[in-house]
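Reading through the structure tokens given below for one structure.
Residue numbers (the numbering used here): -11 to 171.
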């Protein structure tokens, strides 16, 4: 079996995995059969909707290398999504990680006109699966401090201290175990 065939099979398996996860989360969902290969029409990999919001999704996966999309893939996704009345999203999954979602405009554009997502970018800035399906909401450290205090101007001292501890962990100045003891 050639590397390309193996990669295509893995990509198909990942697309089915995404479809099943969206279905379990309550979305009406379908995978476009042989998107990009068996038809001359450019179709997204997955269509999903929850009755209020509809998505046209291009799904990509990688063992760890950056994920690239051609400019044509992204343009076709945007064209289809606009005509269909859906929101265009790029779903990426790196091995041993969850799915992360991006609007195409949030991706890095290379000098050659391709789009790229690095694993670090996905983990730091992507919308994770739980947030995408509406189970959670991403909150910044500053927002958490304001919410804990009940206002938007001044975080309470305890919230500020928690934020400093979490930032120390993030920046590698404090081990997670020490932060857990303090918190």
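By construction, the Cβ of each residue, glycine as well, lies at the ideal position given by its N, Cα and C atoms.
Query	Result
Taking 8 angstroms as the threshold (C-beta atoms), are residue 6 and residue 47 in contact?	yes
Which one of 162, 40, 130 and 67 has the shortest CA to CA distance from residue 147?	130
Does the distance from the C-beta atom of residue 96 to that of residue 114 stay below 8 angstroms?	no
Checking the sheet assignment: what are the DSSP bridge partners for residue 89?	79 and 115
By the 10 Å Cβ neighbour count, where 16 or more other Cβ atoms means buried, how is residue 11 classified, buried or exposed?	exposed
Look at the alpha carbon of residue 24 and the alpha carbon of residue 30, and state the distance between them as a whole number of angstroms.	In this predicted model, residue 24 has a pLDDT of only 49, less than 50, meaning its place in the structure is not dependable enough to derive any value.
Distance, Cα to Cα, residue 161 vs residue 145?	21 angstroms
What's the gap between the Cα of residue 157 and the Cα of residue 163?	6 angstroms
Count the other C-beta atoms from every protein chain shown that fall within 10 angstroms of the C-beta of residue 110, then say buried if there are 16 or more, exposed otherwise.	buried
Within its chain, find whatever has a CB closer than 7 angstroms to the CB of residue 83; leave out the 5 residues flanking it on each side and keep chain order.	51 and 52
Check residue 42 in the structure and name its three-state DSSP category.	strand
Where DSSP assigns a beta bridge to residue 73, which residues make up the other side?	According to DSSP, residue 73 bridges with nothing at all.
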